[in-house]
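**Student:** Numbering (the numbering used here), first residue to last: 1 to 97.
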């Protein structure tokens with residue numbers, strides 16, 4: 001089982017509580033994990049409005065941190081996040097460049 005499966009399993013309330021705690025932790029790696037979790041989950045089933053709000057909040061935090069840390073515009077940070085999640089989903093496959 002993947003870490004995402006453990007965090008995203010369980011009932012709706014447990015899932016929201018778990019993901020909210022990760023965002024509220026202040027740990028940017030946990031915030032990034034929430035973004036990854038919800039990006040993946042959104043491809044499987046539609047996120048609830050609560051989950052969508054939590055996902056957007058986590059994404060906004062992550063975009064802000066990356067843009068400041070890398071001294072880049074937020075749109076560039078959004079692109080970097082999108083690409084990183086996409087590559088993470090293909091993990092284990094041969095890279096073709």
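For every residue, glycine included, the Cβ atom is placed at its ideal position computed from N, Cα and C.
Remember, it's a predicted structure, so these values are computed and weren't measured experimentally.
Can you grab the Cα-Cα spacing for the pair residue 69 / residue 77, in whole Å?
**Tutor:** 10 Å
**Student:** What residues in its chain sit with their C-beta under 6 Å from that of residue 28, if we drop five residues either side in the sequence?
**Tutor:** 65
**Student:** Are residue 50 and residue 16 closer than 8 Å when you measure CB to CB?
**Tutor:** The Cβ atoms of residue 50 and residue 16 sit closer than 8 Å to each other.
**Student:** Give the straight-line distance between the Cα atoms of residue 2 and residue 40, rounded to the nearest whole angstrom.
**Tutor:** Confidence at residue 2 is low in this model, with a pLDDT of 44, below 50, so its placement is unreliable and no value can be given for it.
**Student:** Grouping DSSP H, G and I as helix and E and B as strand, with all else coil, what is residue 78?
**Tutor:** It is helical.
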